[in-house]
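In the numbering used here, the protein residues as written are 1 to 61. Every residue gets a Cβ at the ideal spot worked out from N, C-alpha and C, and that includes glycine.
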Ligand SMILES: [Zn+2]
C-alpha cells in the first residue's frame with residue numbers, strides 16, 4: 001500500500017487493527033446477549049492504518 005498522506009509518502013505494509021474492542025463485546029454479551037451479538041456483527045472486520053503517520057487507509061469488512 002502507499003500512504004495517501006502527502007506529507008508521509010510511506011510505501012509498504014499497512015498496520016491492521018480490529019475495529020471494535022473484544023472486551024466491550026464480551027461485557028455486552030454477558031449482560032445483554034442481543035446487543036452483544038449486534039456489537040460483534042457491527043464491529044467485525046479490520047481497519048488498515050499507515051504505520052508511519054497512523055492515517056486510516058482502508059476498512060475491510
Ligand atoms: Zn503515512
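Problem - Spatially closest choice to residue 46 from 24, 20, 33, by CA coordinates - result: 20
Problem - Where residue 10 falls: helix, strand or coil (DSSP) - result: coil
Exercise for the section: Compare the beta carbon distance of residue 39 and residue 23 with 7 angstroms and say whether it is the shorter of the two. Expected result: no
Practice task
Determine the direct distance from the alpha carbon of residue 41 to that of residue 25, and round the result to whole angstroms.
Solution key: 10 angstroms
Practice task
Kindly examine ligand 1 and report whether one of its heavy atoms sits closer than 6 angstroms to the Cβ of residue 39.
Solution key: no
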